[in-house]
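Just so you know, our numbering puts the end of the sequence shown at 550, numbered straight through with nothing missing. Note that the Cβ used here is the ideal one computed from N, Cα and C, for glycine as well. Have a look at the structure below before the remarks.
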Amino acid sequence: MSVQTIATQPIEGQKPGTSGLRKKTRVFQGHHYLENFIQSIWNGIGGVAGKTLVLGGDGRHFNAEAAQVVLRMAAASGAAKVIVGQNALLSTPAASNLIRDRGTDGGIILSASHNPGGPDGDFGVKFNTPNGGPAPESVTNKIFEATKTLTEYRIFEAQDVNLSILGASMLGDTEIEVVDPVAEYAKLMERLFDFGAIRALFEGGFRMRFDAMHAVTGPYATAILEDRLGAAPGTVVNGIPLPDFGKGHPDPNPIWAKTLMDEMMGADAPDFGAASDGDGDRNMIVGRGCYVTPSDSLAVLAANATVVPAYAEGLKGVARSMPTSRAVDRVAAHLGIDCYETPTGWKFFGNLLDAGRATLCGEESAGTGSDHVREKDGLWAVLFWLNILAAKGQPVSELMAAHWRDFGRNYYSRHDYEGVDSAAANALMDDLRARLADLPGTEAAGLTVEAADEFAYDDPVDGSRSEGQGLRIDLTGGARIVLRLSGTGTEGATLRVYLERLEADPDKMDADPQEALAPVIAAANHIAGIADRTGRTAPDVIT
Ligand code: G1P
Ligand code: ZN
């Protein structure tokens with residue numbers, strides 16, 4: 008075995024986005040592509056000599072090969088130790104937990120989250136810092152800078168490490184410890200939640216369906232829900248992780264988890280349904296005949312947090328990404344705690360969690376989490392819901408109705424226009440940005456614009472400023488439109504239009520969200536000229 012120093016040159020476009028570097032799998036498999044990026048991570052974080060890292064991924068196509076490259080490159084640059092999930096698998100929240108729990112120097116997560124996998128799908132690499140969270144912009148900027156000046160990378164010439172057997176081995180001077188990906192995570196969940204109450208719920212005949220979407224959460228869900236909590240065998244479906252996610256799109260929302268939605272809306276539906284995404288950090292919550300939006304879910308968790316042992320003392324504060332509905336703001340006001348509004352992307356929650364300013368965080372894109380790790384956590388959200396349902400003894404639909412009566416209902420929807428010509432999408436945003444100052448006081452589809460700006464975030468903990476984080480337009484009566492371009496797509500541009508309207512009248516809380524939001528949708532089209540600029544008359548995905 009010997010260290011090879013390979014000459015290379017910068018590869019354009021290796022700029023980490025909302026969540027790490029995400030590209031087509033074939034791009035990552037290209038000559039030097041992965042190696043360049045990994046070496047740039049090492050260079051950007053000041054080297055890995057003597058450091059301990061965690062490594063795992065969501066099991067998608069190229070996961071196993073990429074993990075071997077990372078190990079050989081960590082060893083070639085003198086890492087002391089790499090803790091790897093068995094078969095190179097770790098859900099994102101489990102990786103975050105290991106990074107923290109073992110006091111490591113960070114970790115590499117191989118995942119493109121909810122994006123489809125396979126040779127023609129997507130792949131991704133993310134670096135997480137020692138707090139267990141995604142690297143903040145200060146770090147990703149250094150990594151990106153390093154990609155631009157790279158001239159060589161170092162890699163061990165060696166056989167593949169056998170990652171199927173638990174235990175330690177050496178790769179050069181680097182210890183490779185293969186760990187059970189589920190064990191530590193399951194222990195953490197057991198510490199946070201009232202497993203006794205949830206077990207009693209299942210013993211009482213409560214029925215659940217968990218769709219793991221052939222992604223990484225399958226083994227976690229089976230071990231926790233069926234083996235530890237006594238949910239009926241078969242509760243977890245699509246529980247075997249597959250490199251192409253069974254040709255599915257592992258994004259837990261009503262569109263991509265349609266089979267689950269159909270079951271939950273059908274006759275004889277289970278009491279509770281849930282799904283998770285490719286790397287296990289997202290969640291979808293659905294009761295019998297009752298879909299819960301991620302924004303509402305965050306609000307319900309906040310309102311009922313004290314029934315969970317880990318949060319019995321109350322919440323320090325809550326945080327949501329800017330486009331997430333303001334349902335949780337109303338709960339925070341009621342509880343008298345702070346509510347932070349951050350840019351899109353989990354990395355912006357890290358400082359608030361580390362500083363003890365927020366306990367719960369959430370994003371409209373099916374991400375919910377707390378200070379137990381530094382990533383959003385799909386199964387954690389599901390267990391949180393189960394804990395609440397066990398404590399309240401109410402069906403999901405009743406719980407939601409009661410919540411809306413208490414706090415009002417924030418009707419909410421996101422419209423995505425995918426694969427839009429990048430120039431057209433940028434022109435739409437540039438044009439709207441230029442008109443923002445003139446919008447207040449104008450009317451659109453019968454609604455008056457009250458305020459309009461481009462969101463910028465001043466981090467209250469480290470004072471850093473993040474600009475250009477989405478255009479927001481407040482309308483009369485608590486309605487709001489937000490527009491931003493996706494930072495995780497791999498083809499053209501994806502325009503996201505976030506729509507929200509507050510309903511305080513208890514008699515009007517059962518409407519179809521698209522109908523309830525019709526005036527806001529019309530106003531968005533009018534103000535931004537979406538059809539004219541994109542050539543699209545309807546969104547590709549509505550969640
Ligand atoms: C999307 C979501 C965002 C989430 C991110 C990573 O990013 O909108 O909330 O944090 O995926 O899971 P976007 O494509 O909008 O930049
Ligand atoms: Zn994910």
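Distance from Ile-48 to Glu-159 at the Cβ level is roughly 15 angstroms; contact not present, criterion being Cβ atoms closer than 8 angstroms. Here the segment 112-131 makes contact with the segment 20-35; the two share three or more CB pairs at distances below 8 angstroms. Taken in chain order, the complete beta strand (DSSP E) segments of 3 residues or longer contained in the segment 440-484 are 454-461 and 478-482.
In the three-state reduction of the DSSP assignment, Gln-11 falls in the strand class. Taking a contact to require three or more Cβ pairs closer than 8 angstroms, the segment 356-368 and the segment 261-270 do not qualify as touching. Exclusion of the five residues before and after His-68 leaves Thr-32, Gly-124, Gly-125, Pro-126, Gly-128, Phe-130, Pro-250 and Asp-251 as the residues of its chain whose Cβ lies within less than 8 angstroms of its Cβ.
Less than 8 angstroms separates the beta-carbon of Ala-219 from that of Ser-283. Going by DSSP, Leu-105 is part of the alpha helix (DSSP H) stretching over 99-108. The residue among Ala-334, Val-527, Ala-83 and Asp-466 with its C-alpha nearest the C-alpha of Val-299 is Ala-334. Residue environment for Met-177: exposed (fewer than 16 other C-beta atoms within 10 angstroms of its C-beta). Thr-375 has Gly-369 as its beta-bridge partners, per DSSP. If the five residues before and after Leu-195 are omitted, its C-beta is found closer than 6 angstroms to the C-beta atoms of Asn-104, all from its own chain and listed in chain order. Exclusion of the five residues before and after Ala-264 leaves Asp-218, Ala-282 and Met-291 as the residues of its chain whose Cβ lies within less than 6 angstroms of its Cβ. If you draw a straight line from the Cα of Arg-214 to the Cα of Val-244, it is about 13 angstroms long.
In its chain, beyond the 5 residues on either side, Leu-60, Leu-62, Leu-78, Ala-81, Thr-181 and Ile-183 have a beta carbon closer than 7 angstroms to the beta carbon of Val-89. Residue ranges of uninterrupted beta strand (DSSP E) with 3 or more members, entirely inside the segment 288-353 and ordered along the chain, are 290-294, 297-299, 324-328 and 345-349. Between the segment 417-428 and the segment 495-513 there are three or more C-beta pairs closer than 8 angstroms, enough to call the two in contact. In the same chain as Pro-402, and ignoring 5 residues on each side of it, the C-beta atoms closer than 7 angstroms to its own belong to Asp-278, Gly-294 and Arg-295, in chain order.
Secondary structure note for Met-177: its beta strand (DSSP E) is the uninterrupted segment 174-178. Distances from the CB of Glu-370 to the heavy atoms of ligand 1 include at least one below 7 angstroms. Secondary structure note for Phe-200: it is in no alpha helix (DSSP H), with a DSSP letter that is neither H nor E.
The segment 164-177 makes no contact with the segment 195-210: fewer than 3 CB pairs, one atom from each, lie closer than 8 angstroms. The segment 507-521 makes no contact with the segment 424-439; the number of CB pairs closer than 8 angstroms stays below 3.
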